[in-house]
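>
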Amino acid sequence: MATQGAILSIAGLSVSYGTVHAVRQLDMEISEGETVVLLGANGAGKSSTLNAIVGLAPRSGGRLVFAGEDITRKPTEAIIRSGLALVPEGRRLFSNMTVRENLRLGAAALSTVEFDRERQALEDMFPITRRRAHEQAGLLSGGEQQQVAIARALLARPKLLLLDEPSLGLAPIIVNTIFEIIAELKRRKVTILLVEQNAERALSIADRAYVLAQGRLELSGAAGSINATTLEKAYLGEREHA
Amino acid sequence: MNMLAGKWWKQSLVGSALLLAIVLVIVAIVALAGSTTDMRILMVFLINVIAAISLQTYAGNSGNISFGHVGFMAFGAYGSALFTADPAIKAIGIPNAPAFIREAAIGFLPAMLIGTAVAVVVAAAIGRVFVRLSGAAAAVATLGFMVIIYTLLSNAEELTRGSKAFSGIPEYTTLGWCVALLALTIVVARLLRDSNTGLGLRACADDPIAGQAAGVDILNSRYVMWVASAAGAAIAGALYAHYIGAILPKAFHFELTFVLVTMVIVGGRSITGAVAGAALITILAEVLRRLENGFSIGSINLSEAPGLTTAVLALLIVATLTIRPQGLVSRWEVEELLHRWQFRQKEHASVRAEENHV
Numbered sequence: 025m026a027t028q029g030a031i032l033s034i035a036g037l038s039v040s041y042g043t044v045h046a047v048r049q050l051d052m053e054i055s056e057g058e059t060v061v062l063l064g065a066n067g068a069g070k071s072s073t074l075n076a077i078v079g080l081a082p083r084s085g086g087r088l089v090f091a092g093e094d095i096t097r098k099p100t101e102a103i104i105r106s107g108l109a110l111v112p113e114g115r116r117l118f119s120n121m122t123v124r125e126n127l128r129l130g131a132a133a134l135s136t137v138e139f140d141r142e143r144q145a146l147e148d149m150f151p152i153t154r155r156r157a158h159e160q161a162g163l164l165s166g167g168e169q170q171q172v173a174i175a176r177a178l179l180a181r182p183k184l185l186l187l188d189e190p191s192l193g194l195a196p197i198i199v200n201t202i203f204e205i206i207a208e209l210k211r212r213k214v215t216i217l218l219v220e221q222n223a224e225r226a227l228s229i230a231d232r233a234y235v236l237a238q239g240r241l242e243l244s245g246a247a248g249s250i251n252a253t254t255l256e257k258a259y260l261g262e263r264e265h266a
Numbered sequence: 336m337n338m339l340a341g342k343w344w345k346q347s348l349v350g351s352a353l354l355l356a357i358v359l360v361i362v363a364i365v366a367l368a369g370s371t372t373d374m375r376i377l378m379v380f381l382i383n384v385i386a387a388i389s390l391q392t393y394a395g396n397s398g399n400i401s402f403g404h405v406g407f408m409a410f411g412a413y414g415s416a417l418f419t420a421d422p423a424i425k426a427i428g429i430p431n432a433p434a435f436i437r438e439a440a441i442g443f444l445p446a447m448l449i450g451t452a453v454a455v456v457v458a459a460a461i462g463r464v465f466v467r468l469s470g471a472a473a474a475v476a477t478l479g480f481m482v483i484i485y486t487l488l489s490n491a492e493e494l495t496r497g498s499k500a501f502s503g504i505p506e507y508t509t510l511g512w513c514v515a516l517l518a519l520t521i522v523v524a525r526l527l528r529d530s531n532t533g534l535g536l537r538a539c540a541d542d543p544i545a546g547q548a549a550g551v552d553i554l555n556s557r558y559v560m561w562v563a564s565a566a567g568a569a570i571a572g573a574l575y576a577h578y579i580g581a582i583l584p585k586a587f588h589f590e591l592t593f594v595l596v597t598m599v600i601v602g603g604r605s606i607t608g609a610v611a612g613a614a615l616i617t618i619l620a621e622v623l624r625r626l627e628n629g630f631s632i633g634s635i636n637l638s639e640a641p642g643l644t645t646a647v648l649a650l651l652i653v654a655t656l657t658i659r660p661q662g663l664v665s666r667w668e669v670e671e672l673l674h675r676w677q678f679r680q681k682e683h684a685s686v687r688a689e690e691n692h693v
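Chains as they are written, first to last, in this note's numbering: chain A, 25 to 266; chain B, 336 to 693.
Listed below in structure tokens is the structure:
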């Protein structure tokens with residue numbers, strides 16, 4: 025029952041770690057060019073959802089269709105190569121490797137020529153990746169590392185970009201930079217699924233939102249229709265019966 | 336000019352050339368100023384460097400140590416030896432061997448290629464199992480492989496003369512062969528290491544989750560390195576057989592494994608590290624070998640100290656793993672080390688300039 029134009033449709037996704045059910049029966053859909061935010065309190069299952077989409081978390085049920093292809097049983101590397109990119113929580117750069125090497129890791133499917141072209145385009149957007157290309161990524165500040173991580177994910181021109189808490193642990197002024205980058209990506213029509221703790225900022229940038237509580241979908245709708253009151257109710261697990 | 340700019344394979348070639356230049360300087364010094372014994376040590380060193388780089392191609396990239404690569408060296412050594420030894424000698428030594436082996440007397444290069452091909456076929460056949468393992472399981476499995484090959488060679492009397500020495504191998508291995516094949520090994524190892532496959536694999540060794548999230552296919556990448564490193568090890572084995580002129584299964588057992596693994600661990604995780612480790616261990620082993628014949632510290636006289644080499648190598652591994660677990664050169668290649676050194680010099684200069692200004 026995938027809608028026309030849906031780049032990713034999730035039906036009945038469940039994620040369990042042993043007896044702990046992180047995500048239960050989640051239905052979700054993202055259309056091309058959309059910016060969708062996934063909100064929820066700590067432990068609501070947001071990161072588990074992202075990881076399950078790319079096959080890094082154990083899926084105990086459900087079906088995932090990405091760009092018209094069933095990716096439910098595909099291994100992670102095949103899913104990534106089919107056009108999904110994940111910027112994991114905590115950035116997860118390879119701290120011993122140089123910035124340039126980190127970027128190359130995002131371009132496994134590209135030829136050297138393509139890599140150089142994409143890299144140069146990205147260096148204009150993320151000057152840090154040019155200025156500090158040959159330094160160890162671990163020596164960069166948190167905000168700089170986040171920029172490199174996003175640049176790495178964008179290198180392969182993904183059909184859908186998954187961002188897991190990009191502002192986590194960053195100074196407020198750096199958080200502004202990161203949200204400016206996300207806004208710029210939105211202007212460039214990159215399809216984004218964003219997981220964020222900073223609900224207010226995320227909603228201001230997103231087209232639509234999904235709210236999880238204890239692994240269940242509590243609320244979904246246009247970003248503008250969700251305000252502090254509805255959000256608070258959803259966080260507390262009070263299902264909206266409208 | 337920044338030598339780290341530009342394409343990755345250009346950097347690989349520049350790095351290979353630099354590393355080879357350093358080895359050639361050592362070769363030139365020993366050839367001009369060294370004794371016959373020094374030349375023998377140099378030859379064994381060059382063969383060991385090829386073996387260590389090959390082991391590093393798997394271990395350094397995947398983060399999994401292998402105790403099994405001497406098994407592939409044995410394939411290269413016996414494979415090449417069997418097809419080149421004088422048929423008259425084989426008629427006496429291994430009279431029950433198949434005729435195509437007993438009567439064969441082919442050249443060095445084709446024989447070496449046969450030995451290497453055998454190693455590659457075996458590596459390709461068993462590799463799918465080995466690349467699924469990590470950490471201790473991988474180490475133990477490769478150790479098992481080494482023991483299996485040793486047992487097979489010791490019992491295949493019709494082909495190998497069992498645990499007795501297989502001699503009469505033509506001494507084809509010259510300095511030229513060693514240097515040429517070392518150059519080839521360095522270039523191929525650097526290209527593999529710096530390729531997307533090698534980079535992705537090294538990333539996964541640091542952080543498997545993030546590596547997979549970046550789309551790295553760990554198993555296939557490991558498999559490529561596993562087969563390639565087996566080929567390199569077989570070449571080293573063939574060179575060894577044709578240098579010593581006689582081989583026996585025991586030559587490809589714990590002792591050689593231990594030496595090679597020490598070289599790789601002490602050196603670091605790069606190709607440059609394998610060369611540095613091999614150089615250090617060769618020099619150290621030579622000094623120790625002379626001491627094993629007896630030495631005195633102050634009033635303590637040791638007439639003979641057998642096993643000193645192994646004991647010191649073991650201590651060296653322990654010391655490296657506790658004091659400098661990343662090894663001598665860590666993950667860096669020679670051109671990166673130079674670049675870092677230049678960068679630091681520049682920083683020092685600017686700090687000094689600022690101090691003078693104040």
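Note that CB positions come from ideal geometry on N, CA and C, so glycine has one too. Please read these numbers as outputs of a predicted model, since none were measured by experiment.
1) Determine, for Leu62(A), whether the minimum Cβ-Cβ distance to residues of chain B falls below 8 Å.
2) Determine the extent of the beta strand (DSSP E) in which Gly428(B) is found, giving its start and end residues.
3) If you compare alpha carbons, which of Val405(B), Phe501(B), Thr520(B), Gln547(B) is closest to Met481(B)?
4) What is the DSSP secondary structure of Gly29(A), counted as helix, strand or coil?
5) Please list the terminal residues of the continuous alpha helix (DSSP H) segment that includes Asp373(B).
6) Using a Cβ cut-off of 7 Å, which residues of the segment 549-574 of chain B contact any Cβ in chain A, in chain order?
7) For Leu494(B), collect the residues of the same chain with a Cβ closer than 8 Å to its Cβ; drop the 5 residues on either side in sequence, then sort them by chain order.
8) Just checking, does the segment 90-97 of chain A make contact with the segment 253-261 of chain A on the three C-beta pairs under 8 Å criterion?
9) Please determine, among Ile250(A), Gly248(A), Ser249(A), Val235(A), the residue with the shortest C-alpha to C-alpha distance to Gly69(A).
10) Would you mind sorting Pro641(B) into buried or exposed? The rule is 16 or more other CB atoms within 10 Å of its CB.
11) Using a Cβ-Cβ distance cut-off of 8 Å, determine whether Val39(A) contacts chain B.
12) Between Ile606(B) and Leu648(B), how many whole angstroms is the CB-CB distance? I'm expecting something under 8 Å.
13) Mind pulling the beta strand (DSSP E) runs of 3 or more residues that sit fully within the segment 124-205 of chain A?
14) Give a yes or no on whether the C-beta atoms belonging to Leu536(B) and Ser556(B) are separated by under 8 Å.
15) Would DSSP call Ala109(A) helix, strand or coil?
16) Under 8 Å between the Cβ atoms of Ile385(B) and Ile570(B)?
17) Under a CB-based cut-off of 8 Å, is Leu656(B) close to chain A?
18) Who are the Cβ neighbours of Arg604(B) in its own chain at under 6 Å, not counting the five residues just before and after it?
19) Buried or exposed: which applies to Phe678(B), given that a residue is buried once 16 or more other Cβ atoms fall within 10 Å of its Cβ?
20) Are Ala46(A) and Ser72(A) close, meaning C-beta to C-beta below 8 Å?
21) Between Ala237(A) and Gly79(A), is the Cβ-Cβ spacing less than 8 Å?
22) With DSSP as the reference, please indicate the residues paired to Thr477(B) in a beta bridge.
23) Is there a C-beta anywhere in chain B that falls below 8 Å from the one on Gln158(A)?
24) Please report how far the alpha carbon of Leu650(B) lies from the alpha carbon of Pro82(A), in whole angstroms.
25) With 8 Å as the threshold, decide whether the Cβ of Gly535(B) is near any Cβ in chain A.
26) With burial defined as no fewer than 16 other Cβ atoms inside 10 Å of the residue's Cβ, what is the status of Ala266(A): buried or exposed?
27) Can you tell me which residues form a DSSP beta bridge with Ile219(A)?
28) Is the number of C-beta pairs between the segment 155-172 of chain A and the segment 106-123 of chain A that are closer than 8 Å three or more?
29) Counting only the same chain and skipping the five closest in sequence on each side, list residues whose C-beta sits under 6 Å from that of Ile441(B).
30) Alpha carbon to alpha carbon, how far is Gly248(A) from Gly162(A)? Give it in angstroms, no decimals.
31) In or out: Thr655(B) buried (at least 16 other Cβ within 10 Å) or exposed?
32) What is the DSSP secondary structure of Glu224(A), reduced to helix, strand or coil?
33) Could you give the first and the last residue of the continuous beta strand (DSSP E) run that contains Gly86(A)?
34) Spatial neighbours of Asn490(B) within its chain, please: C-beta separation below 8 Å, excluding the five flanking residues on both sides.
35) In whole angstroms, what is the alpha-carbon distance linking Thr100(A) and Tyr41(A)?
36) Looking only at DSSP bridge pairs, what is Ile632(B) linked to?
According to the data block:
1) Here the question's residue 62(A) lines up with position 38 in the first sequence. So, not an interface residue.
2) Within the second sequence, residue 428(B) is the residue found at index 93, counting from 1. For Gly428(B), no beta strand (DSSP E) encloses it; the enclosing alpha helix (DSSP H) starts and ends at 422-428.
3) Position 146 of the second sequence, counted from the start, is the residue given in the question as residue 481(B). Out of Val405(B), Phe501(B), Thr520(B), Gln547(B), Val405(B) has the C-alpha closest to the C-alpha of Met481(B).
4) Locating residue 29(A) in the first sequence gives position 5, where the first residue counts as 1. DSSP places Gly29(A) outside both helix and strand once states are collapsed to three, so it counts as coil.
5) On the second sequence, position 38 is the one that residue 373(B) refers to. Here the alpha helix (DSSP H) through Asp373(B) covers 371-397.
6) So the close ones are Ala549, Gly550, Val551, Asp552.
7) By 1-based counting over the second sequence, the position of residue 494(B) is 159. In its chain, beyond the 5 residues on either side, Tyr413, Leu417, Ile429, Ala432, Ile436 have a beta carbon closer than 8 Å to the beta carbon of Leu494(B).
8) With the cut-off at 8 Å, the segment 90-97 of chain A and the segment 253-261 of chain A do not touch.
9) The residue given as residue 69(A) occupies position 45 in the first sequence. Selection Ile250(A), Gly248(A), Ser249(A), Val235(A) evaluated against Gly69(A) yields Val235(A) as nearest (Cα-Cα).
10) Here residue 641(B) refers to the residue found at position 306 of the second sequence. Under the 10 Å beta carbon count, Pro641(B) is surrounded by fewer than 16 other beta carbons and is classified as exposed.
11) Within the first sequence, the letter at position 15 stands for residue 39(A). Proximity of Val39(A) to chain B, defined by a Cβ-Cβ separation below 8 Å, is not satisfied.
12) Locating residue 606(B) in the second sequence gives position 271, where the first residue counts as 1. Locating residue 648(B) in the second sequence gives position 313, where the first residue counts as 1. In this structure, Ile606(B) and Leu648(B) do not form a Cβ contact; the two beta carbons are roughly 21 Å apart against a cut-off of 8 Å.
13) The DSSP assignment places complete beta strand (DSSP E) segments of no fewer than 3 residues inside the segment 124-205 of chain A at 184-188, in order along the chain.
14) Counted from its first residue, the second sequence places residue 536(B) at position 201. Counted from its first residue, the second sequence places residue 556(B) at position 221. Contact: yes.
15) Residue numbering aside, residue 109(A) sits at position 85 when the first sequence is read from its first letter. The three-state secondary structure of Ala109(A), taken from DSSP, is strand.
16) Translated into positions along the second sequence, residue 385(B) becomes position 50. Translated into positions along the second sequence, residue 570(B) becomes position 235. One thing to note: Ile385(B) has its Cβ within 8 Å of the Cβ of Ile570(B).
17) The sequence position of residue 656(B) within the second sequence is 321, counting from 1. False, the Cβ-Cβ gap to chain A never drops below 8 Å.
18) Locating residue 604(B) in the second sequence gives position 269, where the first residue counts as 1. Apart from the 5 residues on each side of it in sequence, Arg604(B) sits with its Cβ closer than 6 Å to the Cβ of Gly395, Arg666 in its chain, given in chain order.
19) By 1-based counting over the second sequence, the position of residue 678(B) is 343. With fewer than 16 neighbouring CB atoms inside 10 Å of its own CB, Phe678(B) falls in the exposed class.
20) One-based indexing of the first sequence puts residue 46(A) at position 22. One-based indexing of the first sequence puts residue 72(A) at position 48. In this structure, Ser72(A) lies closer than 8 Å to Ala46(A) by Cβ.
21) If you number the first sequence from 1, residue 237(A) lands on position 213. If you number the first sequence from 1, residue 79(A) lands on position 55. No, these two residues do not count as a Cβ contact at 8 Å.
22) Here residue 477(B) refers to the residue found at position 142 when the second sequence is read from its first residue. For Thr477(B), no pairing in a beta bridge is given by DSSP.
23) If you number the first sequence from 1, residue 158(A) lands on position 134. The sequence shown places His at residue 158(A), rather than the Gln named in the question. So, interface residue.
24) Stepping through the second sequence from its first residue, residue 650(B) is reached at position 315. Stepping through the first sequence from its first residue, residue 82(A) is reached at position 58. Cα-Cα distance, rounded: 43 Å.
25) Within the second sequence, residue 535(B) is the residue found at index 200, counting from 1. Put simply, the CB of Gly535(B) is near chain A, with a gap under 8 Å to one of its CB atoms.
26) In the first sequence, counting from the first residue as 1, residue 266(A) sits at position 242. Below a pLDDT of 50, predicted positions are generally treated as unreliable, and Ala266(A), at 43, falls in that range; no measurement from the model is reported.
27) The residue you call residue 219(A) lines up with position 195 of the first sequence. A small fix is needed here, since residue 219(A) is Val in this sequence, not Ile. BP columns for Val219(A) point to Leu62(A), Asp188(A).
28) At 8 Å Cβ cutoff, the stretches touch.
29) In the second sequence, the residue the question calls residue 441(B) occupies position 106. Once the five neighbours on either side are set aside, the close Cβ partners of Ile441(B) are Phe418.
30) Locating residue 162(A) in the first sequence gives position 138, where the first residue counts as 1. Locating residue 248(A) in the first sequence gives position 224, where the first residue counts as 1. Inter-residue distance for Gly162(A) and Gly248(A) is about 38 Å (C-alpha atoms, whole angstroms).
31) For the purposes of this step, residue 655(B) is taken as residue 320 along the second sequence, with counting starting at 1. Burial state of Thr655(B) is buried, judged by a 10 Å Cβ sphere holding 16 or more other Cβ atoms.
32) Counting from 1 along the first sequence, the entry for residue 224(A) is found at position 200. The three-state secondary structure of Glu224(A), taken from DSSP, is helix.
33) Locating residue 86(A) in the first sequence gives position 62, where the first residue counts as 1. Bounds of the beta strand (DSSP E) holding Gly86(A) are 83-90.
34) Walking along the second sequence from the start, residue 490(B) turns up at place 155. Only Gly497 meet the Cβ criterion.
35) Taking the first residue of the first sequence as position 1, residue 100(A) is located at position 76. Taking the first residue of the first sequence as position 1, residue 41(A) is located at position 17. Computed Cα separation, rounded: 18 Å.
36) One-based indexing of the second sequence puts residue 632(B) at position 297. Answer is Ile635(B).
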